[in-house]
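*Asks:* For the sequence shown, our numbering assigns the number 102 to the last residue and increments by one with no breaks. Quick one: this structure, given as structure tokens, is what I'll be asking you about.
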Amino acid sequence: MRVVADIPHPEIKITLLSWNGKYLIKLELGPFEQTYKVSEMDVAGDEEVKTWLDQEFLQQCMEQFLTMRKNLHEARRRHSV
């Protein structure tokens, strides 16, 4: 697995990786992680993938992180003794 780029963002750690013929867009916030895989054959290169990381995409990812946190807390609450 090769790190193509670390993309600066004030809240989310964003890493673009290349592995096994795919680009992986890895986003991390606290204990949560989202990974998006794209075939290298479907894009012109890593610069194209970077353009996808616009404000709208990152806002939707942030909302998904909040949903993930809510889901985990609700599951823990349901099963706490």
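Every residue, glycine too, gets a C-beta built ideally from N, C-alpha and C.
If we call anything under 8 Å between Cβ atoms a contact, is I33 one with E49?
*Replies:* Yes, these two residues count as a Cβ contact at 8 Å.
*Asks:* Taking the DSSP output, what are the residues bridged to L37?
*Replies:* DSSP output for L37 lists A26, I46 as bridge partner(s).
*Asks:* Buried or exposed, going by whether 16 or more other CB atoms sit within 10 Å of the CB of V102?
*Replies:* The residue in question, V102, is exposed, as its Cβ has fewer than 16 Cβ neighbours within 10 Å.
*Asks:* Would you mind working out which of F53, W40, N41, T36 sits nearest K47, comparing C-alpha positions?
*Replies:* That would be T36, whose Cα lies nearest to the Cα of K47.
*Asks:* What does DSSP give as the partner residue(s) for K91 in the beta ladder?
*Replies:* None, per the DSSP bridge assignment.
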